[in-house]
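Residue numbers (the working numbering), protein chains in the order written: chain A, 91 to 321; chain B, 91 to 321.
Note sheet for the following structure.
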DNA sequence: TCTCTTTCTACTTTCGAAAATATGTGTATC
DNA sequence: GATACACATATTTTCGAAAGTAGAAAGAGA
């Protein structure tokens, strides 16, 4: 979470050498997008070559990912990709919905003009991809993931509770892993999400906390159920 | 969280060399017990000497502590002890109470004989310290912290939601930092907590979820309010 | 005197080799 | 054939040195 923000701000860095921060996010991204199977061992020899970093740097990244719940670690036996399960998806979904609803309520209560403006901005960025025809959307899927995160984060950014935002982000990141299985969703789905995001933005800007809350619940539950069916 | 459990199971390890796991928990313990002031820079040169580990190992520990929220990190500028504030204490308390109440409810619904037995066992271990006169309690404060954690964890251990337990543990660990300021509490406080823990155990074993829930709320809220007043 | 550049110092960050640990293989013994 | 032991290999874990950076101090030009 902390690292996520920093990685985002440092994307215009000098250039050249990969760096540890970068290895961390690339590794996380590879786990989220199922490049590595759940339960698979992440050997240092292979990983250092793949991400072009030393063992120390890699270990730090893996260690952090274990705190975030993406990998498991057993002392002396190395790191593995954390398992996924239907039960876990259900649990994560419940926690995320509860946290997101509380956060958006707080944000609506405390948000100012900057908050509103940023929501409109990132929603536009998101809609630029979601409005695209199916094939084009698929091609830019990783960009969509990023913008989708930005949009949902913008909605709750004005929430003053730092820990609420932190716990929320943890659950959101975990959901990303499961969201990935619906990548190859039927054609109609993208259009539906497009509309849901628009309505969610409008309800939030209208400061209708109850409506926004309900839309979030339905929006997330729907995505999760779809993922659950494909698992 | 994950690391905490492992450290606990590995306490009967061979002996000798400090090791990275150990450095991590000693560092966390030093932050919790305010050996280092909030906002203070944690320089590698000093820390490697203090904990007798290499820079890589130390970095891994600090990195993990930043995920847990005990230290902050700014790229290129190193690590600092995370700040504390009254606002944060209030927020963490609210989250912890909500999570703990849900977890104990689940535990009561799912717990079996082993769960009950373990609660009785660790409560006894805790009461051995809490029953002591004031001075003796003070001397064994770090043991009390450990046993207090064990007791509260035992109450919710039968909760099937792994993420609920995980989030709960995060908040509990954060509260430890604030709990420490009440270490030098008036004489009567220890006796009161002794009784509260006993009642909490009894309500849980009687499977009275509502009662246990209320006791938890009062128990935690009381401690937090006391800490808040001293902050 | 002020500001901009340069140099120097303290510190962080990264790497690859060495030490410690686990796993697998073969051999002897019952 | 099964079990225990010793050795060899694979893998993790740790360390200290080298490279890279940020911030302070010193110096040059206006």
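Every residue gets a Cβ at the ideal spot worked out from N, C-alpha and C, and that includes glycine.
Using a Cβ-Cβ distance under 8 angstroms, would residue i count as near chain B?
{"i": "residue 182/A", "result": "yes"}
{"i": "residue 214/A", "result": "no"}
{"i": "residue 200/A", "result": "no"}
{"i": "residue 153/A", "result": "yes"}
{"i": "residue 233/A", "result": "no"}
{"i": "residue 316/A", "result": "no"}
{"i": "residue 165/A", "result": "yes"}
{"i": "residue 196/A", "result": "no"}
{"i": "residue 115/A", "result": "no"}
{"i": "residue 303/A", "result": "no"}
{"i": "residue 157/A", "result": "yes"}
{"i": "residue 307/A", "result": "no"}
{"i": "residue 92/A", "result": "Its pLDDT being 39, under 50, residue 92/A is placed unreliably by the model, and the measurement read from it follows with that caveat. Answer yes: the Cβ-Cβ gap between residue 92/A and chain B drops below 8 angstroms somewhere."}
{"i": "residue 321/A", "result": "no"}
Could one say the Cβ of residue i lies closer than 8 angstroms to chain A's Cβ atoms, at least one of them?
{"i": "residue 257/B", "result": "yes"}
{"i": "residue 123/B", "result": "no"}
{"i": "residue 185/B", "result": "yes"}
{"i": "residue 150/B", "result": "yes"}
{"i": "residue 280/B", "result": "no"}
{"i": "residue 267/B", "result": "no"}
{"i": "residue 111/B", "result": "yes"}
{"i": "residue 168/B", "result": "no"}
{"i": "residue 221/B", "result": "no"}
{"i": "residue 143/B", "result": "no"}
{"i": "residue 206/B", "result": "no"}
{"i": "residue 224/B", "result": "no"}
The alpha helix (DSSP H) that contains residue i, what's its start and end?
{"i": "residue 258/B", "result": "252–269"}
{"i": "residue 220/A", "result": "203–220"}
{"i": "residue 239/A", "result": "231–246"}
{"i": "residue 313/A", "result": "299–320"}
Comparing the CB of residue i with every heavy atom of the ligand HEM, is any distance shorter than 7 angstroms?
{"i": "residue 216/B", "result": "The ligand HEM is not part of this structure, which contains no ligands at all."}
Suppose contacts are defined by Cβ-Cβ distances below 8 angstroms. Is residue i in contact with residue j by that definition?
{"i": "residue 261/A", "j": "residue 182/A", "result": "yes"}
{"i": "residue 267/A", "j": "residue 143/A", "result": "no"}
{"i": "residue 141/A", "j": "residue 117/A", "result": "yes"}
{"i": "residue 317/B", "j": "residue 258/B", "result": "no"}
{"i": "residue 133/B", "j": "residue 303/B", "result": "no"}
{"i": "residue 219/A", "j": "residue 233/A", "result": "yes"}
{"i": "residue 280/B", "j": "residue 224/B", "result": "yes"}
{"i": "residue 284/A", "j": "residue 217/A", "result": "yes"}
{"i": "residue 273/A", "j": "residue 231/A", "result": "yes"}
{"i": "residue 248/B", "j": "residue 200/B", "result": "yes"}
{"i": "residue 166/B", "j": "residue 146/A", "result": "no"}
Beta strand (DSSP E) runs contained entirely in the stretch 106–193 of chain A, provided each spans 3 or more residues: 161–164, 168–171
At least 3 beta-carbon pairs within less than 8 angstroms: the stretch 301–321 of chain B vs the stretch 184–196 of chain B: yes
Given 8 angstroms, three or more beta-carbon pairs between the stretch 166–175 of chain A and the stretch 238–251 of chain A: no
Segment contact flag, the stretch 288–303 of chain A with the stretch 192–212 of chain A, C-beta cutoff 8 angstroms, min 3 pairs: yes
Three or more C-beta pairs below 8 angstroms linking the stretch 147–165 of chain B and the stretch 108–124 of chain B: yes
Segment contact, 8 angstroms Cβ cut-off, at least three pairs: the stretch 155–163 of chain A with the stretch 234–241 of chain A: At 8 angstroms Cβ cutoff, the stretches do not touch.
Sufficient close CB pairs (3 or more, under 8 angstroms) joining the stretch 123–134 of chain A to the stretch 125–133 of chain B: As far as the Cβ criterion goes, the stretch 123–134 of chain A does not touch the stretch 125–133 of chain B, which means the pair count is below three.
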